[in-house]
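To start, the structure under review is shown below, and the notes come after it.
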Ligand code: NAP
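Residue numbers (the working numbering): 123 to 569.
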């Protein structure tokens, strides 16, 4: 899969990519049939292909994917208890760049999410859940996803497509407290109200918010855009409102808790005496310079240490460079482009997180992919692309693959894997039981 999105150019396929899906060509009044190669079968790839096919009756689109299963981060990124969302992607994560980041007990959100979602490369992560306190760095929706998975009652998770292995590990988890730590304040959190509300209402887990963090904020958001205002009001209500007797009784029986900590920037993950595991984290306290979204966190000079045996860094995803021939802005983690047209490489386009950076939900990616597809259609219309029959599309790719002894997996192969997963899930009362070992997938389809 292309990093966090899709790029394509007829006839050029990165090594190891396998054919997925090919639309059938139809004779048309649209001129010569362009062969479009989409690299990456995540939402960006599929939405771009869909838009091209819908608006160019003659186009033939091949989608390539490096894994034996399609749908990218729809399958591997979105929280298993959010089947209605299924959304985000990019193949790397931002690093904290602090001492202790590589200690055992410290994981990136990307690998942790990949683990519970059955991403083959993360299936052996085996996160150590033997501590009582976990700390998540970052105040985004991914951080909330992880907190929710760590604290959700097993009875809820069992009904999702979370992998059996992760479910077994979570069943033995000792984690009962999760801190979500942000370097800025309540007015700068990056998560959204739906995800926060879900966390507040999570059965068996009590929110612990410090009222002092929210004093006076009601005034500060009076004129803020509505989503920010409502989100802040929900935090204020949760922090300041005295719970009723019923809530108090329910909370007293609640074994788990979670909370938000603000204006703390990670400085060092502290090791256990033997230097092998994480035992806590040192954070620099910050003050804010400026206001609103653009406020900057500046260290005050004071520090604070917090005990925790599990540290999850959820500070954003990152796309990776695709190929030396494709320009890449390492600072921003994107391919420089204009409406999806890759700068300096005619005929190459990009969409998804590699086009605009790792933000936004699936609808954002959909619109953004349609924008890229529109650029392709416009370029086809003005004759800016070579669509001659010498551009063979999959025909050329297939002979390269054959010469290298690579057997591609077809969409109907995937359908067999899909059916097997659904059948296994049915036995366990889940929508599917994901197969996490690519070798097992290959055996299943007789490769
Ligand atoms: P995000 O929304 O960009 O949040 C990243 C968080 O990490 C921010 O709180 C940010 O704080 C913090 N951060 C960044 N660099 C840091 C550093 N060096 N030190 C400390 N903190 C740092 O990223 P995300 O949570 O990975 O989500 C990615 C996108 O997917 C978002 O658009 C999100 O809404 C979407 N998503 C949606 C859903 C859903 O719809 N349910 C679920 C998951 C993800 P600053 O603001 O201070 O930089």
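From the three backbone atoms N, C-alpha and C, an ideal C-beta is built for every residue, glycine too.
Predicted, not measured: the structure shown is a model, and the values here were computed from it.
In the three-state DSSP reduction, residue 383 falls in the strand class (E or B). Membership of residue 350 in the alpha helix (DSSP H) is indicated by the continuous run 348-362. Remark: the shortest separation between the CB of residue 313 and any heavy atom of the ligand NAP falls under 8 Å.
Residue range 533-549 is occupied by the alpha helix (DSSP H) that includes residue 534. Residue pairing of residue 388 in beta bridges, as defined by DSSP: 405. Counting only residues of its own chain and dropping the five nearest sequence neighbours on each side, residue 443 has a CB closer than 7 Å to the CB of 450. For the ligand NAP, no non-hydrogen atom lies closer than 8 Å to the CB of residue 251. Note on residue 285: 16 or more other CB atoms within 10 angstroms of its CB, so buried under the neighbour-count rule. Taking C-alpha positions only, residue 515 is separated from residue 158 by approximately 7 Å. Put simply, of 502, 506, 475 and 505 the residue whose alpha carbon is nearest the alpha carbon of residue 491 is 475. Contact annotation, residue 389 with residue 409: C-beta distance approximately 16 Å; criterion of less than 8 Å not satisfied. Distances from the alpha-carbon of residue 272 to those of 241, 244, 237 and 242 put 237 closest.
Of 317, 257 and 283, the smallest CA-CA separation from residue 298 is found for 257.
Relative to the ligand NAP, the nearest heavy atom lies less than 8 Å away from the CB of residue 437.
Taking 9 Å as the cut-off, the Cβ atoms of residue 283 and residue 192 do not count as close.
Shortest gap from the CB of residue 310 to any heavy atom of the ligand NAP: under 8 Å.
Ranked by Cα distance from residue 533, the first of 174, 473, 185 and 161 is 185. Annotation for residue 506 indicates a beta carbon at 8 Å or more from all heavy atoms of the ligand NAP. Taking the CA atoms as reference points, residue 290 sits about 45 Å from residue 413. Assignment of residue 157 by DSSP, reduced to helix, strand and coil, places it in the strand class. In this model, residue 544 and residue 235 are separated by some 21 Å (Cα to Cα).
Burial check for residue 440: the Cβ neighbour count within 10 Å reaches 16 or more, so the residue is buried. Membership of residue 487 in any beta strand (DSSP E) is not indicated; the residue belongs instead to the alpha helix (DSSP H) covering 484-503. Beyond the five residues adjoining it in sequence on each side, residue 266 comes within less than 6 Å, by CB distance, of 313, 317 and 321 in the same chain, given in chain order. The alpha carbon of residue 438 has as its nearest neighbour, out of 379, 339 and 264, the alpha carbon of 264. Segment contact: the region 522-540 against the region 485-504, fewer than three CB-CB distances shorter than 8 Å; contact not assigned. The beta-carbon separation of residue 420 and residue 411, rounded to 5 Å, stays under the 8 Å limit for a contact. Assigned with DSSP and collapsed to three states, residue 320 falls in helix. At the C-beta level, residue 495 and residue 174 come within 9 Å of one another. Under the rule that a run must span 3 or more residues, the beta strand (DSSP E) segments found entirely inside the region 171-233 read 182-187 and 228-230. With contacts defined as CB atoms closer than 9 Å, residue 218 and residue 233 fail to qualify as a contacting pair. CA-to-CA, the gap between residue 347 and residue 335 works out to about 20 Å. In this structure, the CA atom of residue 538 is about 47 Å from the CA atom of residue 393. Per DSSP, the unbroken beta strand (DSSP E) holding residue 424 starts and ends at 418-429. DSSP, reduced to helix, strand and coil, places residue 459 within a strand of the structure shown. Residue 451 is bridged by DSSP to 456.
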